[in-house]
Amino acid sequence: MTQLQDNPTFAAAPKASLEPAAEPWWRFFTFSTDHKVIGIQYLVTGFFFYLVGGALATAVRAELATPEADFLGFERYNGAFTLHATIMIFLWIVPALMGGFGNYLVPLMIGARDMAFPRLNAVAFWLIPPSGLLLLASLFLEAPSAGWTSYPPLSLISGKVGEELWILSILLGGTSSILGAVNFITTILKLRMPGMKMDKMPLFCWAMLAASIITLIATPVLAGALILLSFDLLAGTAFFNPSGGGDPVVYQHMFWFYSHPAVYIMVLPVFGMISEILPVHARKPIFAYKAIAYSSLAICFLGLIVWVHHMFTSGTPDWMRVFFMIATMAIAVPTGIKVFSWLATLWGGKIHYRTAMLFAMGFISMFVIGGLSGIILASVPLDIHVHDTYFVVAHLHYVLFGGSVFGIYAGLYHWFPKMTGRLLNEFWGRVHFALTFVGFNMCFLPMHKLGLMGMPRRVAQYDPQFADLNWISSVGAFILAISTLPFLVNAIYSWVAGPKAGDNPWQALTLEWTTSSPPPAHNFYGDPILLTGPYDYGLHSKETLDYLAAQLQSLRELALAEAEPTSS
Amino acid sequence: MQGSLASDALRVGSSQAHAAHAEHPDHRVFGLLMFLVAEGCLFLGLFMAYLAYRLTAPVWPPEGTPERELLLPGINTAILLSSSWVIHQAKPAIQANNVKGLRLWFALTALMGAIFLAGQLYEYSHLEFGLTTNLFASSFYVLTGFHGLHVAAGLLFILAVLWRSLKPGHYSAQRHFGVEAAEIYWHFVDGVWIVLFILLYLL
Amino acid sequence: MSALKNIFLVGIGVLLTLASLWYGQNHHLLPEAAANSAPLFDSLFNSTITLATGIFLVVEGVLLYCAFRYRKRRGDRGDGDPNHGNVLLEIVWTAVPAVIILWLGLASLDVYQAVYGGADVGGHVHAAMAMGSSQETEAGDPGYAYTPAVLPGKERGQPDLVVQVQGMQYAWMFTYPESGLVAGELHLPLNKRVRLNMTAMDVNHAFWVPQFRLKQDLIPGRETHLEFVPTQLGTYPIICAELCGPYHGVMVAQLVVETPEEFERWQQEQLVAARGENNALAWAGDLHPSPSESAFVQVHQRRLGLSPADLTSLKLPKDSVPLTRTGSLPSAG
Numbered sequence: 001m002t003q004l005q006d007n008p009t010f011a012a013a014p015k016a017s018l019e020p021a022a023e024p025w026w027r028f029f030t031f032s033t034d035h036k037v038i039g040i041q042y043l044v045t046g047f048f049f050y051l052v053g054g055a056l057a058t059a060v061r062a063e064l065a066t067p068e069a070d071f072l073g074f075e076r077y078n079g080a081f082t083l084h085a086t087i088m089i090f091l092w093i094v095p096a097l098m099g100g101f102g103n104y105l106v107p108l109m110i111g112a113r114d115m116a117f118p119r120l121n122a123v124a125f126w127l128i129p130p131s132g133l134l135l136l137a138s139l140f141l142e143a144p145s146a147g148w149t150s151y152p153p154l155s156l157i158s159g160k161v162g163e164e165l166w167i168l169s170i171l172l173g174g175t176s177s178i179l180g181a182v183n184f185i186t187t188i189l190k191l192r193m194p195g196m197k198m199d200k201m202p203l204f205c206w207a208m209l210a211a212s213i214i215t216l217i218a219t220p221v222l223a224g225a226l227i228l229l230s231f232d233l234l235a236g237t238a239f240f241n242p243s244g245g246g247d248p249v250v251y252q253h254m255f256w257f258y259s260h261p262a263v264y265i266m267v268l269p270v271f272g273m274i275s276e277i278l279p280v281h282a283r284k285p286i287f288a289y290k291a292i293a294y295s296s297l298a299i300c301f302l303g304l305i306v307w308v309h310h311m312f313t314s315g316t317p318d319w320m321r322v323f324f325m326i327a328t329m330a331i332a333v334p335t336g337i338k339v340f341s342w343l344a345t346l347w348g349g350k351i352h353y354r355t356a357m358l359f360a361m362g363f364i365s366m367f368v369i370g371g372l373s374g375i376i377l378a379s380v381p382l383d384i385h386v387h388d389t390y391f392v393v394a395h396l397h398y399v400l401f402g403g404s405v406f407g408i409y410a411g412l413y414h415w416f417p418k419m420t421g422r423l424l425n426e427f428w429g430r431v432h433f434a435l436t437f438v439g440f441n442m443c444f445l446p447m448h449k450l451g452l453m454g455m456p457r458r459v460a461q462y463d464p465q466f467a468d469l470n471w472i473s474s475v476g477a478f479i480l481a482i483s484t485l486p487f488l489v490n491a492i493y494s495w496v497a498g499p500k501a502g503d504n505p506w507q508a509l510t511l512e513w514t515t516s517s518p519p520p521a522h523n524f525y526g527d528p529i530l531l532t533g534p535y536d537y538g539l540h541s542k543e544t545l546d547y548l549a550a551q552l553q554s555l556r557e558l559a560l561a562e563a564e565p566t567s568s
Numbered sequence: 001m002q003g004s005l006a007s008d009a010l011r012v013g014s015s016q017a018h019a020a021h022a023e024h025p026d027h028r029v030f031g032l033l034m035f036l037v038a039e040g041c042l043f044l045g046l047f048m049a050y051l052a053y054r055l056t057a058p059v060w061p062p063e064g065t066p067e068r069e070l071l072l073p074g075i076n077t078a079i080l081l082s083s084s085w086v087i088h089q090a091k092p093a094i095q096a097n098n099v100k101g102l103r104l105w106f107a108l109t110a111l112m113g114a115i116f117l118a119g120q121l122y123e124y125s126h127l128e129f130g131l132t133t134n135l136f137a138s139s140f141y142v143l144t145g146f147h148g149l150h151v152a153a154g155l156l157f158i159l160a161v162l163w164r165s166l167k168p169g170h171y172s173a174q175r176h177f178g179v180e181a182a183e184i185y186w187h188f189v190d191g192v193w194i195v196l197f198i199l200l201y202l203l
Numbered sequence: 001m002s003a004l005k006n007i008f009l010v011g012i013g014v015l016l017t018l019a020s021l022w023y024g025q026n027h028h029l030l031p032e033a034a035a036n037s038a039p040l041f042d043s044l045f046n047s048t049i050t051l052a053t054g055i056f057l058v059v060e061g062v063l064l065y066c067a068f069r070y071r072k073r074r075g076d077r078g079d080g081d082p083n084h085g086n087v088l089l090e091i092v093w094t095a096v097p098a099v100i101i102l103w104l105g106l107a108s109l110d111v112y113q114a115v116y117g118g119a120d121v122g123g124h125v126h127a128a129m130a131m132g133s134s135q136e137t138e139a140g141d142p143g144y145a146y147t148p149a150v151l152p153g154k155e156r157g158q159p160d161l162v163v164q165v166q167g168m169q170y171a172w173m174f175t176y177p178e179s180g181l182v183a184g185e186l187h188l189p190l191n192k193r194v195r196l197n198m199t200a201m202d203v204n205h206a207f208w209v210p211q212f213r214l215k216q217d218l219i220p221g222r223e224t225h226l227e228f229v230p231t232q233l234g235t236y237p238i239i240c241a242e243l244c245g246p247y248h249g250v251m252v253a254q255l256v257v258e259t260p261e262e263f264e265r266w267q268q269e270q271l272v273a274a275r276g277e278n279n280a281l282a283w284a285g286d287l288h289p290s291p292s293e294s295a296f297v298q299v300h301q302r303r304l305g306l307s308p309a310d311l312t313s314l315k316l317p318k319d320s321v322p323l324t325r326t327g328s329l330p331s332a333g
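Encoded structure:
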């Protein structure tokens, strides 16, 4: 099942003279200021680190397949889970979503030629490889071993080299994020094409705006925490060291002030992508556009005032626990609004079971489970029992893997044709989805019970009563590891030799689909033209769509005729 | 009729294509303001940590901390704050195409900024507590040091603008983003200092 | 919608509700309940599971229904029904979750008050305050699931027994201030209110007993607290629940709930033994252990029933597991 043929002008590959040359491979290794090149740089780099983080996860699960610490051993195990989480968060999900999809799609979706600050964009990307190299180096020198949360005093006595490598890596990554956020906010607020008011822009842009605001406000506080931690580690100060008058809990506050909103940075763009993907493949407008847009802003605001729910057992006073419990529970409401709106988008639609849609629906089903375990965690008395247990590990993976990663895959399958000009193979996409879905649930579902029954987090050795469930979980992890193979092979092969996609294989209505695949250097031939709203499925007759497609084609020919020979 | 609609759209399309090459507005000031929000949050985080220590310690500053001297820092503060007024005179100057005026005000600001930094270093060298003496001392050095780094960055920015202003026509009434940006940044650094001064010296 | 469809939908609703209610009571996700805090936790947890199951079934059910019913049929090239908003529906699905959240928040507050209220378990010690209602209900009675319950005995903030807890890499030390006893196991008398004053000696740790559903961090430089009444005889694990180093996973101690008479007897035995033994600080001639190291040793020495002489012949290689294979310990005595 590949290209739809019934609307030839809308979907067909452009004539040979109009087809832009794809970027040469070496462009992706340069300091390009083209947001499309940068976006792909982020995506590929991020995916590489996903594989590294995944290998670490496989090592962790190999250790946990049996109760004894007989695979990695105690010290290496702590390094493994520390690096696994750090890499997944700072080198995979955040860069892939914000830097990857954000950069690639936002200018196209708002009809701009590029981001507001293209050179700043390139700088932001090129901070990521050194950030990653520092962590990779720590694998060979000394791995940080105090968890990705790196609480002092433990992080002050777990190996200076590893810890400082970790701190520097995150400082670089955080700077990259902040520069990106400045770019996105300016671009979205200032560079929309004439005629595209805020309430006409695609929901992905709303999501990126909300995520960027969070990034701008919260990431610097983490930088502050890490700077103070560095001083404690290297200069003998005692900000977080009680023996010098300091307070370890101050670190926890500063750390979580960022790290809780960070999870919204890691999920809001995904929410945005799902809001784009569902209408296209269900052939229906998004349900409750305004509610989804405003709920993103609500999540942005609420997300900044709930961080203490990670500290309910840190000797936190009663009043603080109660306040943050209430604020945390409140976030369920805007999130629920989105989920219900997505379901209503599917209702009454005509669902095409392309891989992008499979992952999008998989996202909804898995994220809801993560959200439900999240509600349990929001309640102080319930959290007190499950904090720092495998219940939390289950929750976080359901929202970050079942949520973010499934969403990233949905986005990859959906926009790969636009980015590369070629189609991914749908059969292998389905195999990929099936393996991922099965492996994922097998790995993480048992963890809910493990935590409730008494298994703490971050342990290389555990009570044998938990052996059976851990074994199942580890088998699931191996299946998950294998599941990346069909995707990798599919992506590499299709990029080089897949069938041509044409402008608009999915017959979608957002602006990026009105230009070629891949788009020319300046994104659009001539100026972008808003012919329809972003979600006007079912609102225009086939004749109107054919007519509009013909217009686009004529205008493109005109623009090419008028352009200088060296364009594109 | 499809024919006339097509030609309408084509006409619209081609006129838009010509309009595409017009200057697009400069959003760099907005971008800088967004960046300063982030910088502000960085300092805010550090301030909150300091307040946490200040408000929960039984004794503050901790036992043995020498009395905080206010004269020199007070003078330094006055210099920094007035330098904000000084730099503020530059923009009206360049808006009247007065490059010499711009350079005068910026040079004066740079001088005052350098004096501030020198004053800080002088103060550091004469303080009776070091980085690791106690929690107050550590906070003092880290906070003022961080701020000092930002002052130094601002100073470099001002010097860069001065250097660029040597090139004739680089700054004019129509283009002077560097001037505006340096001023905004300098006011930011000033604002941070006001909070810092109150927190570290007065409270 | 036809009447038949309505009945069908109501039927599904009833089924979902029954399934959720059943699963909420039969999930088998929790260990036994052994303190006053546990039944309060359990009834809140059960209700939350019921709700979560219901929501799960509804959401996934709708998703699956759409996946099947609204799949694109072969040859259909058209678009779906362009229905993109319904104010009433949106109000309902905003209000209903808000109400559920409100319920959960209030129920949680209730349980929180019942377990912790007035006992001041935050990070600083204040004078104990007498507080709380004297309403007595049966813990675990579903009809009174969220009524704060105070078991017979002292009120919150006025414990019968106070124990100092110290956590260090990688052991627990329990000091009974009244008798001066220091032990590596926590013995507690049944049905007496206990207050734990806890601190860490080096890095953060956390005291967790799953059967009590209670947890609190141990933080160096400050004292944290837990207060509870053990209600069931037995031996339960005390698990460290905050990453404290490579051997975090084996930092486990035993909590023994016994009758007050057995508890007294145990204390006496321990005190006699402590007086009779050589000071464990001198156990290994050529080593100069730091205080925490020797406490660590002392604790394990007692548990393993070794004399100081036995220990001198032991060498502990860097990667070895200091405890038994299971991480839990044979019961003392």
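Residue numbers (the numbering used here), protein chains in the order written: chain A, 1 to 568; chain B, 1 to 203; chain C, 1 to 333. Think of the CB as a built atom: it goes at the ideal place given N, C-alpha and C, for glycine as much as any other residue. Quantities reported herein were computed from a predicted structural model and do not represent experimental measurements.
**OP:** Please decide whether Lys-215 (chain C) counts as near chain A, where near means a Cβ-Cβ distance under 8 angstroms.
**Re:** Taking the third sequence and counting its residues from 1, one reaches residue 215 (chain C) at position 215. At least one CB atom of chain A sits nearer than 8 angstroms to the CB of Lys-215 (chain C).
Subject >> Backbone CA spacing between Val-272 (chain C) and Val-459 (chain A) [nearest angstrom] >> reply: As a working mapping, residue 272 (chain C) is identified with position 272 in the third sequence. As a working mapping, residue 459 (chain A) is identified with position 459 in the first sequence. Those two C-alpha atoms are separated by around 37 angstroms.
**OP:** Under 8 angstroms by Cβ, that's how I've got Phe-257 (chain A) and Gly-45 (chain B) pegged, so tell me the actual separation to the nearest angstrom.
**Re:** Position 257 of the first sequence, counting from 1, holds the residue named residue 257 (chain A). Position 45 of the second sequence, counting from 1, holds the residue named residue 45 (chain B). Their Cβ separation, rounded to whole angstroms, is 7 angstroms, which keeps Phe-257 (chain A) and Gly-45 (chain B) in contact under 8 angstroms.
Original post:
Beta-carbon of Ala-130 (chain C) versus every beta-carbon of chain A: anything under 8 angstroms?
Top reply: Taking the third sequence and counting its residues from 1, one reaches residue 130 (chain C) at position 130. Per-residue confidence for Ala-130 (chain C) stands at a pLDDT of 24, beneath the threshold of 50, marking its modelled position as unreliable; the derived number appears in the next sentence. No, Ala-130 (chain C) lies away from the interface with chain A (no Cβ there is under 8 angstroms from its Cβ).
**OP:** Examine chain B for any beta-carbon lying closer than 8 angstroms to the beta-carbon of Ser-150 (chain A), and answer yes or no.
**Re:** Against the first sequence, residue 150 (chain A) aligns to sequence position 150. Answer no: the Cβ-Cβ gap between Ser-150 (chain A) and chain B never drops below 8 angstroms.
Subject >> Proximity of Pro-464 (chain A) and Pro-202 (chain A) at Cβ, strictly below 8 angstroms >> reply: By 1-based counting over the first sequence, the position of residue 464 (chain A) is 464. By 1-based counting over the first sequence, the position of residue 202 (chain A) is 202. 8 angstroms or more divides the Cβ of Pro-464 (chain A) from the Cβ of Pro-202 (chain A).
Subject >> Bounding residues of the beta strand (DSSP E) (the contiguous stretch that carries Phe-228 (chain C)) >> reply: Here residue 228 (chain C) refers to the residue found at position 228 of the third sequence. That run of the beta strand (DSSP E) goes 224-228.
**OP:** Identify each residue in the region 460-475 of chain A for which the Cβ-Cβ distance to at least one residue of chain C is less than 7 angstroms, and report them in chain order.
**Re:** Look at the region 460-475 of chain A: the residues with a C-beta under 7 angstroms from a C-beta of chain C are Ala-460, Gln-461, Tyr-462, Asp-463, Pro-464.
**OP:** Return the residues of the region 511-536 of chain A that lie within a Cβ-Cβ distance of less than 9 angstroms from chain C, sorted by chain order.
**Re:** Legend: CB atoms of the region 511-536 of chain A lying less than 9 angstroms from CB atoms of chain C belong to residues Tyr-535, Asp-536.
Original post:
If you drop the 5 nearest sequence neighbours on each side, which residues of the same chain put their C-beta closer than 8 angstroms to that of Met-1 (chain B)?
Top reply: Numbered from its first residue, the second sequence carries residue 1 (chain B) at position 1. Low confidence applies to Met-1 (chain B): its pLDDT is 39, below 50, so where it sits in the model is not reliable enough to give any reading.
Subject >> Trp-506 (chain A): contacting residues in chain C (beta-carbon distance under 9 angstroms) >> reply: Position 506 of the first sequence, counted from the first residue, corresponds to residue 506 (chain A). Residues of chain C passing the Cβ test: none, with the nearest at roughly 12 angstroms.
**OP:** Give the secondary structure of Val-333 (chain A) by DSSP, where H, G and I count as helix, E and B as strand, and everything else as coil.
**Re:** On the first sequence, residue 333 (chain A) is found 333 positions in, with the first residue counted as 1. Taken through DSSP and simplified to helix, strand or coil, Val-333 (chain A) comes out as helix.
**OP:** Rank C:Ala-274, C:Met-168, C:Ile-238 by C-alpha distance to the C-alpha of Met-201 (chain C) and give the top, closest one.
**Re:** In the third sequence, counting from the first residue as 1, residue 201 (chain C) sits at position 201. Nearest C-alpha to Met-201 (chain C): C:Met-168.
Subject >> Nonlocal neighbours in the same chain, by C-beta distance under 8 angstroms from Tyr-493 (chain A), ignoring five residues either side >> reply: In the first sequence, the residue the question calls residue 493 (chain A) occupies position 493. Taking C-beta separations shorter than 8 angstroms and ignoring five residues to either side along the sequence, the partners of Tyr-493 (chain A) in its chain run Asn-425, following chain order.
Subject >> Reference Gly-99 (chain A); option with closest CA among A:Phe-47, A:Phe-406, A:Val-221 >> reply: Counted from its first residue, the first sequence places residue 99 (chain A) at position 99. Looking at the Cα atoms, A:Phe-47 is the closest of the given residues.
Original post:
Would the C-beta of Tyr-116 (chain C) count as close to the ligand HEM, meaning under 7 angstroms from any of its heavy atoms?
Top reply: Questions concerning the ligand HEM fall outside what the structure shown contains, since it holds no ligand whatsoever.
Original post:
Is the Cβ of Trp-307 (chain A) closer than 8 angstroms to any Cβ of chain C?
Top reply: Reading the first sequence from its first residue, position 307 is the one you call residue 307 (chain A). For Trp-307 (chain A), the closest Cβ of chain C is not nearer than 8 angstroms.
**OP:** Verify the CB distance criterion: does Met-208 (chain A) have a CB-CB separation below 8 angstroms to chain B?
**Re:** What you label residue 208 (chain A) is simply residue 208 of the first sequence in a count that begins at 1. At least 8 angstroms separates the CB of Met-208 (chain A) from every CB of chain B.
Subject >> CB of Leu-229 (chain A) within 8 angstroms of CB of Pro-279 (chain A), strictly >> reply: For the purposes of this step, residue 229 (chain A) is identified with residue 229 of the first sequence, where counting begins at 1. For the purposes of this step, residue 279 (chain A) is identified with residue 279 of the first sequence, where counting begins at 1. Taking 8 angstroms as the Cβ cut-off, Leu-229 (chain A) and Pro-279 (chain A) do not qualify as a contacting pair.
**OP:** Anything in chain A within Cβ reach of His-27 (chain B), meaning under 7 angstroms, just list it in chain order.
**Re:** Within the second sequence, numbered from 1, the residue matching residue 27 (chain B) stands at position 27. Residues of chain A passing the Cβ test: Ala-116, Thr-186, Lys-190.
**OP:** Return no unless some Cβ of chain A is closer than 8 angstroms to the Cβ of Phe-8 (chain C).
**Re:** Here residue 8 (chain C) corresponds to residue number 8 of the third sequence, with the count starting at 1. Taking 8 angstroms as the CB threshold, Phe-8 (chain C) stays off the interface with chain A.
**OP:** Please check if any C-beta of chain B sits within less than 8 angstroms of the C-beta of Leu-599 (chain A).
**Re:** Missing from the structure shown is residue 599 (chain A); chain A here goes from 1 to 568 and no further.
Subject >> Three CB pairs or more closer than 8 angstroms across the region 137-155 of chain A and the region 202-209 of chain C >> reply: The region 137-155 of chain A is in contact with the region 202-209 of chain C.
Original post:
Can you list the residues of chain D that Met-361 (chain A) reaches, using a CB-CB cut of under 9 angstroms?
Top reply: In the structure shown, chain D does not exist; the protein chains are A, B and C.
**OP:** Check whether the Cβ of Leu-42 (chain B) lies closer than 8 angstroms to any Cβ atom in chain A.
**Re:** As a working note, residue 42 (chain B) is residue 42 in the second sequence. It does; some Cβ of chain A falls within 8 angstroms.
**OP:** Compare the C-alpha of Thr-510 (chain A) against each of A:Met-311, A:Phe-433, A:Trp-415 and name the closest.
**Re:** What you label residue 510 (chain A) is simply residue 510 of the first sequence in a count that begins at 1. Looking at the Cα atoms, A:Trp-415 is the closest of the given residues.
Original post:
Nearest-angstrom Cα distance between Glu-180 (chain B) and Ile-167 (chain A)?
Top reply: Residue numbering aside, residue 180 (chain B) sits at position 180 when the second sequence is read from its first letter. Residue numbering aside, residue 167 (chain A) sits at position 167 when the first sequence is read from its first letter. Spanning the two alpha carbons is a distance of roughly 34 angstroms.
Original post:
Counting contacts by CB-CB distance shorter than 8 angstroms, is Met-455 (chain A) in contact with chain B?
Top reply: Taking the first residue of the first sequence as 1, we reach residue 455 (chain A) at position 455. Between Met-455 (chain A) and chain B, the shortest Cβ-Cβ separation is not below 8 angstroms.
Subject >> DSSP bridge partner residues for Ala-206 (chain C) (one or two, in chain order) >> reply: Position 206 of the third sequence, counting from 1, holds the residue named residue 206 (chain C). Answer by DSSP bridge pairing, in chain order: C:Asp-217.
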